[in-house]
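Colleague:
Protein chains: 2
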Amino acid sequence: MHTLTEENYLKTIYRLFEATGESVSTTAIAEKLQINAASVTDMFKKLAQQKLVLYEKSRGVKPTDKGRKIALHILRKHRLWETFMVEKLRFSWDEVHDVAEQLEHIHSEILIERLDQLLGYPRFDPHGDPIPDKNGKMPIVTAILLSEAKVGTLYKICGVAENSDRFLKYLNKLGLVQGSSLIVRELEEYDGSMKLTLQDESELVLSKEAAASLYVS
Amino acid sequence: MHTLTEENYLKTIYRLFEATGESVSTTAIAEKLQINAASVTDMFKKLAQQKLVLYEKSRGVKPTDKGRKIALHILRKHRLWETFMVEKLRFSWDEVHDVAEQLEHIHSEILIERLDQLLGYPRFDPHGDPIPDKNGKMPIVTAILLSEAKVGTLYKICGVAENSDRFLKYLNKLGLVQGSSLIVRELEEYDGSMKLTLQDESELVLSKEAAASLYVS
DNA sequence: ATTTATTTTTAGGATTGTCTAAGTTTTATT
DNA sequence: AATAAAACTTAGACAATCCTAAAAATAAAT
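Protein chains in written order, with this note's numbering: chain A, 37 to 253; chain B, 37 to 253.
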């Protein structure tokens, strides 16, 4: 069993590695976890000793198979708990992250299996992120960014590319949630902003930045 | 916000104090938490500094109002999570304790409120222990120990006085669970053992020790 | 009331995970 | 290729929580 701190490092390393495909640097982790770079070096050594990451001095770390497996398990727990809170406890998707950060460190295989069952084995969490199965397999995603969508076509929101509180609250305000249907009306050449029509016929304009942070299918 | 360790001390102090009505000694806590007495002394000082307990050197601690409130809140969380696991995740009542020991340290008021709501504001947990409400009020219990029950009367099991794994597993094996009805048939003068009839007409004999660990009403 | 036994505290260390400050190494710029 | 900038590591410290061993305080037994 690993400490809460180790689990958090591992999860963060895994995510950065998946995002970039390259070794994860000391500063990148220091940034994400809001701690000093020197502390990160210490932990890199500790994780390397346990064969959870591959560490090359001054060159960052890559998760090993063992490390990736653990990270995926934490991610699975995180996303199942988020789903639970939204589906069963009527949280909105911008409220669940911080609590899930705590719940993901609860150690109990059977608890997670039963939770998964209670939720009906969901494949995506409320943010549209895929939930690894108990073997660490991710469901395949076919989503595209809204910013790459075609004019005149109907889409469904299936996830976000950015998880910041600010962005999620903004979406909430606009009434855009997981599963919302929308039609792309116009793509403004000048700044890449988009005019959309929603289910209820209301119209709204999204900036290029916002559209590039939304997944649709 | 208090550390996980402080919370565990506080909870243990509260329970021992409630059970005995007297100052809680260093060794009692050391015993319960399986740590060294010297470490307990350190923590007694730390908790006293925060006014969570009243500490008299070489004479043990008593919880203050502030400390009791926190302990009750942890107990509330523990018992709600246990109820959740039994009611919603089909755990049996002997499987839930260890996981609840972890879950009780999750910090989120709203999570617990919503959980309480999901469960229909239960007043007793699967072991029959009372669940404090959000203000720390305990429901009143009218249960008696089975060992003090009258011959010929019908009772319902509503809780246990002993929480050990061994005991709960034993009850499970006998088919005795929360809510089981039983009639006391005979009280053996010699050793205080009892002959009981269950719903399904089956008979069984319980030792005095076992009967003194079961609450009925 | 002494002596003995038990309980509690103190003193001094270990470990984990953090920090700052000062060096190294690597990368980027000229 | 030399220098400047950025990133990384080392060294030394500190807080929290635990430990062991020894001293002090309290309780029990003669």
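Built from N, CA and C at the ideal position, the CB exists for glycine as well.
Quick caveat: nothing in here was measured; it's all calculated off a predicted structure.
Check the Cβ of residue 143 of chain A against every Cβ in chain B and list those closer than 7 angstroms, keeping chain order.
Modeller: For the purposes of this step, residue 143 of chain A is taken as the residue at position 107 of the first sequence. Result: 138.
Colleague: In chain B, which residues lie less than 7 angstroms from residue 124 of chain A when you measure between Cβ atoms?
Modeller: If you number the first sequence from 1, residue 124 of chain A lands on position 88. Going along chain B in sequence order, the residues near residue 124 of chain A (Cβ under 7 angstroms) are 154.
Colleague: Should residue 135 of chain A be flagged as near chain B, meaning a C-beta pair shorter than 9 angstroms?
Modeller: Here residue 135 of chain A refers to the residue found at position 99 when the first sequence is read from its first residue. True, the Cβ-Cβ gap to chain B drops below 9 angstroms.
Colleague: Report the three-state DSSP secondary structure of residue 135 of chain A (helix, strand or coil).
Modeller: For the purposes of this step, residue 135 of chain A is taken as the residue at position 99 of the first sequence. Looking at residue 135 of chain A - three-state DSSP - the assignment turns out to be helix.
Colleague: Bridge partners for residue 91 of chain A per DSSP, in chain order?
Modeller: As a working mapping, residue 91 of chain A is identified with position 55 in the first sequence. BP columns for residue 91 of chain A point to A:97.
Colleague: Is the beta carbon of residue 70 of chain A closer than 9 angstroms to that of residue 143 of chain B?
Modeller: One-based indexing of the second sequence puts residue 143 of chain B at position 107. One-based indexing of the first sequence puts residue 70 of chain A at position 34. No, the Cβ-Cβ distance between residue 143 of chain B and residue 70 of chain A is not below 9 angstroms.
Colleague: Whose Cβ in chain A lies nearer than 8 angstroms to the Cβ of residue 147 of chain B?
Modeller: Position 111 of the second sequence holds residue 147 of chain B. Here the neighbours are 121, 125, 135.
Colleague: Looking at C-alpha atoms only, which residue of B:180, B:241, B:100, B:149 is the closest neighbour of residue 125 of chain A?
Modeller: Sequence index remark: in the first sequence, residue 125 of chain A carries index 89 (1-based). With distances taken between Cα atoms, residue 125 of chain A lies closest to B:149.
Colleague: Are the beta-carbon atoms belonging to residue 146 of chain A and residue 191 of chain A less than 9 angstroms from one another?
Modeller: Position 110 of the first sequence, counted from the start, is the residue given in the question as residue 146 of chain A. Position 155 of the first sequence, counted from the start, is the residue given in the question as residue 191 of chain A. Their beta carbons are not under 9 angstroms apart, which means residue 146 of chain A does not touch residue 191 of chain A by this criterion.
Colleague: Would you decide whether residue 215 of chain B is buried or exposed? Buried here means 16 or more other CB atoms lie within 10 Å of its CB.
Modeller: By 1-based counting over the second sequence, the position of residue 215 of chain B is 179. Residue 215 of chain B comes out exposed.
Colleague: So with CB distances below 9 angstroms, who are the chain A contacts of residue 150 of chain B?
Modeller: By one-based count along the second sequence, residue 150 of chain B stands at place 114. Ordered by position in chain A, the residues that pass the 9 angstroms Cβ test against residue 150 of chain B are 121, 124, 125, 126, 127.
Colleague: Check whether chain B comes within 9 angstroms of residue 131 of chain A, counting only Cβ atoms and requiring the distance to be less than that.
Modeller: Taking the first sequence and counting its residues from 1, the one referred to as residue 131 of chain A is at position 95. Closer than 9 angstroms to some Cβ of chain B, the Cβ of residue 131 of chain A qualifies, so yes.
Colleague: How would you call residue 167 of chain B, buried or exposed, if buried means at least 16 neighbouring beta carbons within 10 angstroms?
Modeller: Translated into positions along the second sequence, residue 167 of chain B becomes position 131. Residue 167 of chain B comes out buried.
Colleague: Name the one or two DSSP bridge partners that residue 196 of chain A has.
Modeller: Position 160 of the first sequence, counting from 1, holds the residue named residue 196 of chain A. According to DSSP, residue 196 of chain A bridges with A:250.
Colleague: Quick one: measure Cβ to Cβ for residue 250 of chain A and residue 193 of chain A, integer angstroms, because I've assumed they're closer than 8 angstroms.
Modeller: In the first sequence, counting from the first residue as 1, residue 250 of chain A sits at position 214. In the first sequence, counting from the first residue as 1, residue 193 of chain A sits at position 157. Residue 250 of chain A to residue 193 of chain A, Cβ: 6 angstroms. Contact.
Colleague: Between the stretch 156-171 of chain B and the stretch 114-133 of chain B, do at least 3 Cβ pairs fall closer than 8 angstroms?
Modeller: These segments touch.
Colleague: Taking only three categories from DSSP, how would you classify residue 180 of chain A?
Modeller: Taking the first sequence and counting its residues from 1, one reaches residue 180 of chain A at position 144. The answer is strand: DSSP assigns residue 180 of chain A an E or B state.
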